[in-house]
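>
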Amino acid sequence: MTSITPVKPIIFYDGSCPLCSKEINHYQRLDYKQKVEWLDLTTNTDRLAAYGIEYTTAMARLHGIDASGTQISGVAAFLLIWDNLNYYHYLAKIIRVLMLEKPLEIVYQRFAKWRFKRQSAEQCEGNCRIPPSSLE
1 MTSITPVKPI
11 IFYDGSCPLC
21 SKEINHYQRL
31 DYKQKVEWLD
41 LTTNTDRLAA
51 YGIEYTTAMA
61 RLHGIDASGT
71 QISGVAAFLL
81 IWDNLNYYHY
91 LAKIIRVLML
101 EKPLEIVYQR
111 FAKWRFKRQS
121 AEQCEGNCRI
131 PPSSLE
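Just so you know, full-length UniProt numbering puts 61 at position 61 of the sequence shown, and the rest follows in order with no gaps.
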């Protein structure tokens with residue numbers, strides 16, 4: 001972990017994934033106050049490294065850095081996004097009040113594993129192997 005504290009929350013997303021890009025583009029359009037720094041991890045590997053995040057790990061799950069400099073991933077990263085967007089902040093509050101973070105994390109983990117395998121297979125054209133540790 002690093003001691004770098006961002007000026008605003010950072011979200012690292014997979015810009016090479018059409019599904020991820022479409023969702024992040026939606027969030028970026030809503031972020032008209034530019035409360036979040038959106039970084040395509042495929043073109044910002046130096047920033048990943050600055051926060052001690054391995055590229056493969058970041059490809060396997062959505063990662064973010066909150067305003068205090070804490071690294072988060074998965075559902076926590078989505079909550080970070082939603083906390084900073086009009087209307088979506090209500091969704092984040094509802095999820096927290098109903099204590100849905102853990103069940104949603106289980107669902108997200110399964111989806112992320114499927115997406116990562118699919119994305120990696122497309123990028124490798126079946127000629128490489130995904131490191132098992134990146135799917136945990």
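For glycine and all other residues, C-beta sits at the position ideal for the given N, C-alpha and C.
For the beta strand (DSSP E) containing Ile10, list its first residue and its last residue.
Unbroken beta strand (DSSP E) run through Ile10: 10 to 13.
> Counting Cβ pairs, one atom from each stretch, are 3 or more of them under 8 Å apart for the region 4 to 12 and the region 61 to 73?
Short answer: they touch.
> Would you call Asn84 buried or exposed, if buried means 16 or more other Cβ atoms sit within 10 Å of its Cβ?
Flag for Asn84 reads buried.
> Considering Leu19, what are the terminal residues of the alpha helix (DSSP H) in which it resides?
18 to 30 is the extent of the alpha helix (DSSP H) around Leu19.
> Below 8 Å on the Cβ atoms is my contact criterion, and I expect Leu39 with Phe78 to pass it. Report the Cβ-Cβ distance as a whole number of Å.
Not a contact, Cβ separation roughly 16 Å.
> Where do the N-terminal and C-terminal ends of the beta strand (DSSP E) with Ile94 fall, by residue?
Not the beta strand (DSSP E): Ile94 falls in the alpha helix (DSSP H), residues 88 to 97.
> Rounding to the nearest angstrom, what Cα-Cα distance links Arg115 and Lys33 in this structure?
Arg115 and Lys33: Cα-Cα distance of roughly 30 Å.
> Which one of Lys35, Val36, Asn44, Asp31 has the shortest CA to CA distance from Ser16?
Of the listed residues, the one whose Cα sits closest to Ser16 is Asn44.
> Taking a contact to mean a Cβ-Cβ separation below 9 Å, would you say Ala76 touches Lys113 in this structure?
No; because the gap between Cβ atoms is not below 9 Å, this pair is not in contact.
> By alpha-carbon positions, which one of Ile81, Thr70, Tyr55 ends up nearest to Tyr27?
The candidate whose alpha carbon is nearest that of Tyr27 is Ile81.
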